[in-house]
Each structure stands twice: as C-alpha cells, then as structure tokens.
Amino acid sequence: MKFQPVIGLEVHVQLKTDSKIFCGCSTRFGAEPNLNTCPVCLALPGALPVLNQKVVEFAIMAGLATNCSISPTNIFARKNYFYPDLPKGYQISQFDLPICLTGHLDIAVGDQTKRIGITRIHMEEDAGKLVHGQDGGSGVDLNRAGTPLLEVVSEPDMRTADEAVAYLKKLYQIVTYLGICDGNMEEGSFRCDANISVMPVGSDTFGTRAEIKNVNSFKFVKAAIEYEIARQCELIEDGGTVVQETRLFDPNKGVTRSMRGKEEAHDYRYFPDPDLVPVVISDDWINRVKSDLPELPETKFNRFLTEYSLPEYDADVLTSSRPLADYFEQCAQACNNAKSAANWIMGELTRALNDNGIAVEESPVSPAQLAGLIKLIDGGTISGTIAKKVFEEIWKNGGEAAAIVEQQGLAQVSDTGAIEAAIDQIMAANMGQVEEYRGGKDKVFGFFVGQVMKAMKGKANPAVVNDLLKQKLAG
6 MKFQPVIGLE VHVQLKTDSK IFCGCSTRFG AEPNLNTCPV CLALPGALPV
56 LNQKVVEFAI MAGLATNCSI SPTNIFARKN YFYPDLPKGY QISQFDLPIC
106 LTGHLDIAVG DQTKRIGITR IHMEEDAGKL VHGQDGGSGV DLNRAGTPLL
156 EVVSEPDMRT ADEAVAYLKK LYQIVTYLGI CDGNMEEGSF RCDANISVMP
206 VGSDTFGTRA EIKNVNSFKF VKAAIEYEIA RQCELIEDGG TVVQETRLFD
256 PNKGVTRSMR GKEEAHDYRY FPDPDLVPVV ISDDWINRVK SDLPELPETK
306 FNRFLTEYSL PEYDADVLTS SRPLADYFEQ CAQACNNAKS AANWIMGELT
356 RALNDNGIAV EESPVSPAQL AGLIKLIDGG TISGTIAKKV FEEIWKNGGE
406 AAAIVEQQGL AQVSDTGAIE AAIDQIMAAN MGQVEEYRGG KDKVFGFFVG
456 QVMKAMKGKA NPAVVNDLLK QKLAG
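To get this note's numbering, take the position in the sequence shown, counting from 1, and add 5.
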C-alpha cells in the first residue's frame, strides 16, 4: 500500500523585545540561572501580569506579513498543565480568540509553487528550562519563563519534508526581515513542533498524527519528518496502529522516540485569564503598524530583478537575509555595477564570512570599501586577480582599495612594450606549445595567457595580453 504524508507545523517565534511579555524582566540570553526573574515570572502569590505593548505590535506585524486578518478583539487564556519549569502551573496563551487568523504563505519547491494555509497566530509566554547536571540531578532556570512568543499554526497542507522545510525557511525569513525575531535557532529563538500522519494514497481521511516537539534546525526538521513518515508507514504495513502521542527527535541517531501521550485541547482546560483584559486593536493601530513595515523578501526579490537586472538566482541569494540585501544595495549603488557587486558578495565576501564564521553585519569590508574595489576593476586600474589580493588586504588590515593599490604598486600594466617582452620570452621558452597552437590546438592559448600573467605578477592588462598573444602566435 502506498501512503500520503500529511504535515502541519506549529512554529514558536521568540520575539526580540527587551523585556518579557507580562513583566519588566530582561529577555537577555545567557544570564546566570534565575537572574532575570521577578515575582511575576516566578508566579509568586499576589503578582499580577501587565501586557507588553511591543509584543502586540510585533504580532500585528507578523500577521500582516503572512496575509492574516487581525482580530479587533482577542483574549488571553490560561492553558493548564503541570511541568517543573512552568512556575504558575499554567501558561498564559490564547485559545479561541487569537490575534491573527486565516493567513497563508506561498512556497517554492523545485519548479512548483504551493500555498500553505496559516490557521492562526497567537501570543503566549514561554516556559522556563530544565538544566540537567552530570551528577544526575536537575535544576530549573526560570530566566526564559515569560519570554514573549508567537505561535504560528499552519494548516496540514504540506505533503513532503521538503515542503515543510521550504515553509519554515519562508517564515523564518519573514520574521527576521521584520526584526521581530533574532532567528538564533541554537538558542531556541525559532523552533517548531511537527504534526505528522499518513493516509492511503487517494484517501481524504487523515490518519492519526504524532507530534515531534521542539526541533530547532532546518536539517533536523527534514530528518525528523522523513524518519517519522517511514516509521508510521512501516508500522501500519506490519499491522500496527499509530497512536496519538508526542515524540522527541534524537539528532545523533536520527530517530524519534515516544515522550508522552498527546493531549487534546480540552485536556488543557482553557479559560480566559481573569488578570488580563481583552486586547482591543483599532484600525488606526493596524494602519500605523502597516506603514512601518519594512520591504518584505518577496517584494525585494522582485525589485532586485527589475531595478538591478539581476538573474533570479542572484536575487534569491541576496534577499535571503535583510542585512545581506542591505549590504548589496549599498555596494551596488556606490559602484554603479550591480552584477559585479552581486558576484563579489556571493563569491569572495561570502567565502570570507563563512571561513571566519561571522555574519555580513560583522564584515570588516564595508559596502563602500567593496564598491571602491569594483570601481578600480571597472576602470582598468587593476585586474581581477590583483583585486582578490586587495580584498584580502582590506579584510585583514582595513583601508581603501585605491590607496592600497598605489602603496603596493599593484596598478595594472597596459604598457605594450613590457607585455610584448614577456610574451617573447615565454614563446621562446615554449616553442613546442607554440607549434601546437599554430597546428590548431586552440586550448593552448590559455596556457600562454597564464604564463604571461604569472610573469607580470598578475598586473598585466588581460585584454592587452590577449590581443598581443593572438598577434604573435599567429606568426
């Protein structure tokens, strides 16, 4: 029997606010355990929550960017469950009246475009964190308790792991472009629960789903989903039954393991939080937030195609993150050569960033410095080979390209006399290759170009070299 997977994702987006959702405690990651806490996030008796307005604005931004409708009135609810890192014994979340409803994202997988529905986006607080010691004991760190989250719940519209990853990446790109999430997946700022079931091909009745909790990398999401699909198919084919449960993914072994039975909504005994009034959102508020939205990735991608005449591949790479897109635009406008700027950014700059493990925002070569280098190439002052050496010098020691070229005597040589002399010497030393070229082996021409450039220490003008070589080799 052939099976069709059905996949829905619940993505938790940690919001980049300075303080928590219901108190003034810092959200700074990495503080000493339980340092960023107060009576509210410790759930001490008599402490009352006060809603952080910035959280609501970030939720509106996320809703607008994902084509959701914004609920004019939404309510916080208590989600009751018990866990060691949940100090109140319940989580403040939203249930039947969330802030955002019925949105969608369009994803591309291969040559196909598919629309993935978004059921809802709601605001909630994060729980704390259990810290397990090597001695077998465990502690509770409540620094994270009360950190603001958005939970983005998709429709079960995805049918492959690749579609799920494409949806996740699209959502990740949007929330980081908006500046509402730092996107640090290793710190748990963007993580997802994957709901997976399988049904016979041709059926329209979904199977029993299992939920994989808290997966925090695109690679692991793909691996976890593919494993779970295979597990469920094999289980059914062997005569077994898939049970509704929560599972965890072990990235070291590439398998999912049962964690606990999966609760239904009624198990959480949701009811409106009596300490928080309904959130009323006016049209004026929505319009103010909308007017402050940055240019979103899809719009920027299309603009890069038209305004800078870039290929789709280049535009896709350069708009993958907002800082990278900003770097490109500053460089392209300064050098007036968008394609060269794109090539250098996707080539030498990206390679250097990856080798040094830093983000483009931390690049020691600024957009203006790279633009200055490109101008020297376009003006014929230096060759591409010399430009790479100048780039390395700027990366290591700073400075402007023009000054480095002048100080180190790297300017391109266009003097035909000097180049002719080098060509004559190389031809005399390689008469066998000269005869091969004259006998019809055109590929030998590249050998001579390389030898001349080597002799001239990369400073010869390539166009002049090519012209003179063709003349002399022609005999």
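C-beta atoms are modelled at their ideal positions from N, C-alpha and C, and glycine is treated no differently.
All figures in this text were calculated on a predicted structure; none of them were measured in a lab.
Indicate the three-state DSSP secondary structure (helix, strand or coil) for residue i in the structure shown.
i: P2; result: As displayed, the chain neither begins before 6 nor continues past 480, which places residue 2 out of reach and without an answer.
i: T421; result: helix
i: Y88; result: coil
i: K134; result: strand
i: R293; result: helix
i: T246; result: coil
i: D146; result: strand
i: V285; result: strand
i: A376; result: helix
i: Y95; result: strand
i: V395; result: helix
i: R83; result: strand
i: V260; result: strand
i: S24; result: strand
i: S371; result: coil
i: G68; result: helix
i: C43; result: coil
i: I387; result: coil
i: I363; result: coil
i: V449; result: helix
Given this structure, state the Cα-to-Cα distance separating residue i from residue j, to the nearest angstrom.
i: A337; j: A343; result: 5 Å
i: D243; j: G207; result: 21 Å
i: T455; j: V469; result: Contrary to the premise, residue 455 reads as Gly rather than Thr in this sequence. Their backbone Cα atoms lie some 13 Å apart in a straight line.
i: D331; j: S368; result: 13 Å
i: D167; j: G445; result: 50 Å
i: E129; j: I97; result: 6 Å
i: A2; j: P283; result: Residue 2 falls outside the range modelled here, since the chain spans only 6 to 480, and no answer is possible.
i: C73; j: R125; result: 8 Å
i: Q335; j: A346; result: 10 Å
i: K7; j: V16; result: 29 Å
i: P467; j: A373; result: 26 Å
i: I217; j: Y313; result: 43 Å
i: D272; j: Y95; result: 12 Å
i: Q19; j: G144; result: 23 Å
i: I241; j: K21; result: 43 Å
i: P161; j: D209; result: 12 Å
i: G29; j: L40; result: 13 Å
i: E397; j: E233; result: 47 Å
State the beta-bridge partners of residue i as determined by DSSP.
i: S159; result: I123
i: P8; result: Residue identity differs from the one stated: residue 8 is Phe in this sequence, not Pro. DSSP output for F8 lists P205 as bridge partner(s).
i: L106; result: S74 and R125
i: T251; result: E216 and R265
i: L49; result: In DSSP, L49 forms no bridge with anything.
i: V18; result: L155 and F195
i: T118; result: A113
i: G13; result: N200
i: S31; result: S24
Cβ of residue i within 8 Å of Cβ of residue j?
i: I424; j: K477; result: no
i: G108; j: G68; result: yes
i: R196; j: V220; result: yes
i: I123; j: V170; result: no
i: F27; j: V55; result: yes
i: K93; j: A36; result: no
i: L323; j: I350; result: yes
i: Q417; j: K475; result: no
i: M163; j: Y172; result: yes
i: R274; j: Q249; result: no
Check whether chain C comes within 8 Å of residue i, counting only Cβ atoms and requiring the distance to be less than that.
i: L375; result: Among the protein chains of the structure shown there is no chain C, as only one such chain exists.
Task: Runs of beta strand (DSSP E) lying entirely within the region 149-201, each at least 3 residues, in chain order - done: As far as the region 149-201 is concerned, its whole beta strand (DSSP E) runs of at least 3 residues are 153-159.
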